[in-house]
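These notes are about the structure you will find just below.
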C-alpha cells in the first residue's frame, strides 16, 4: 500500500515478480576484505576509472557519442558531476538545470525548494546507460567550478544541501552502479567547513538504504579519511605514479581501499 501527500499516488496496491539477475549483473560494488572491492555476488571488482565531469550536460549528440566511445574502452568506472560546471558552457550550454528558477534565465535566482524533474530524469537516463555498459557511476555531489559563484550551487545552506542529498538518494539509490562522492576538490569550496562535509557524509550514510560507496576527493589538502562514513579513499596525488609505495602508506594509515582517482593527465 502506497502512502503519499499527493492523493492520486496514495493507497495504491499492486504486485511485482522478483526474477534472477540477468547475465552480467553482479549487483552493487562494496568494500571486500578491507582493502579491496567486490560485487554483491562475490565477483572481484578492480576499478579502472576515468573522469568525465560534465559529460551528461553537453547535449544529446555529444553524450551519445561519449557512450559509444565508452563501450569500446577498458573503463569500468566514471567520475561525473551532478551539477553543471562553467568550463565549456559557451560551446555546450546545459539543456537542463537542477532547480526551477524564480525569474529570468540561467544563471538566475533558483528556488532551492523545487527540483527540476527533467534534469534528474536525464541524469537517471545517463546513469542507467552506464550501468548497461557495466560502468560504475561515481556521482560528485558538489564542486568548486562555478567561476563567479553566479549559479549559487556551492553556496547553498546546510538545509538546502540536506534536501538535495535526500532527493538525490531517493531518485538514484536504486541504481546498483551508483557511488557517492561528496565533492571534487572539497578544499577549494570555501563556503563549506569540514563539519559541513562530515554532516553531509553521515546523512548519506544514514539515509541510503543500500549503503553505496562514499568518498570525498581532495585538492591540495587531504580530508580526514578515518571518519567512519567514508568507505574508501578517493585521492588526488600526482606523485603516486612515481612512487607506488605511497598507496601502501595511505592504505595502512586509514585501513581502507585507496583509489587514486586523479593521478596524471593525458
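In the working numbering, the protein residues as written are 102 to 367.
Backbone N, C-alpha and C fix where the C-beta goes; we use that ideal spot for every residue, glycine too.
- Message: Which same chain residues end up closer than 8 Å to residue 303 when comparing Cβ atoms and leaving out the 5 residues on each side of it in sequence?
- Response: Reading the chain shown from its first residue, position 202 is the one you call residue 303. For residue 303, where only same-chain residues beyond five positions count, the Cβ hits under 8 Å are 330.
- Item | Residue ranges of each alpha helix (DSSP H) within the stretch 259-318, 4 or longer | 259-273 and 295-308
- When the Cα of residue 246 is compared with those of 233, 342, 226 and 284, which residue comes out closest? For the purposes of this step, residue 246 is identified with residue 145 of the chain shown, where counting begins at 1. Looking at 233, 342, 226 and 284, the one whose alpha-carbon comes closest to that of residue 246 is 284.
- 8 Å CB neighbourhood of residue 148 in its chain, flanking five on each side removed: Taking the first residue of the chain shown as position 1, residue 148 is located at position 47. Closer than 8 Å at the Cβ level, and outside the excluded window around residue 148, lie 138, 177, 178, 237 and 360.
- Query: In chain order, what residues of the same chain lie with their CB nearer than 7 Å to the CB of residue 260, ignoring the 5 residues before and after it?
  - Reply: Working through the chain shown from its first residue, we reach residue 260 at position 159. The beta carbon of residue 260 lies closer than 7 Å to none in the same chain, with the five residues before and after it left out.
- Item | Spatial distance of residue 107 from residue 195 (CA atoms) | Translated into positions along the chain shown, residue 107 becomes position 6. Translated into positions along the chain shown, residue 195 becomes position 94. Spanning the two alpha carbons is a distance of roughly 31 Å.
- Query: Can you find at least 3 beta carbon pairs, one from the stretch 265-284 and one from the stretch 313-320, that sit closer than 8 Å?
  - Reply: yes
- Task: Report yes if the CB atom of residue 132 is closer than 8 Å to the CB atom of residue 140, and no otherwise.
- Result: On the chain shown, position 31 is the one that residue 132 refers to. On the chain shown, position 39 is the one that residue 140 refers to. Result no, Cβ atoms of residue 132 and residue 140 do not sit closer than 8 Å.
- Nearest to residue 339 by alpha carbon, out of 318, 364, 323 and 347? Counted from its first residue, the chain shown places residue 339 at position 238. Among 318, 364, 323 and 347, the Cα nearest to that of residue 339 belongs to 364.
- Reducing DSSP to helix, strand and coil, say where residue 202 ends up. Position 101 of the chain shown, counted from the start, is the residue given in the question as residue 202. Note: residue 202 maps to strand in three-state DSSP.
- Report the option in 298, 239, 300 and 295 whose CA atom is closest to the CA atom of residue 273. The residue given as residue 273 occupies position 172 in the chain shown. Nearest C-alpha to residue 273: 239.
- Item | Terminal residues of the beta strand (DSSP E) in which residue 180 lies | By one-based count along the chain shown, residue 180 stands at place 79. Residues 178-182.
- Would you mind stating whether residue 128 and residue 277 have Cβ atoms separated by less than 8 Å? Position 27 of the chain shown, counted from the first residue, corresponds to residue 128. Position 176 of the chain shown, counted from the first residue, corresponds to residue 277. It is a contact, given that the beta carbons lie within the stated cut-off.
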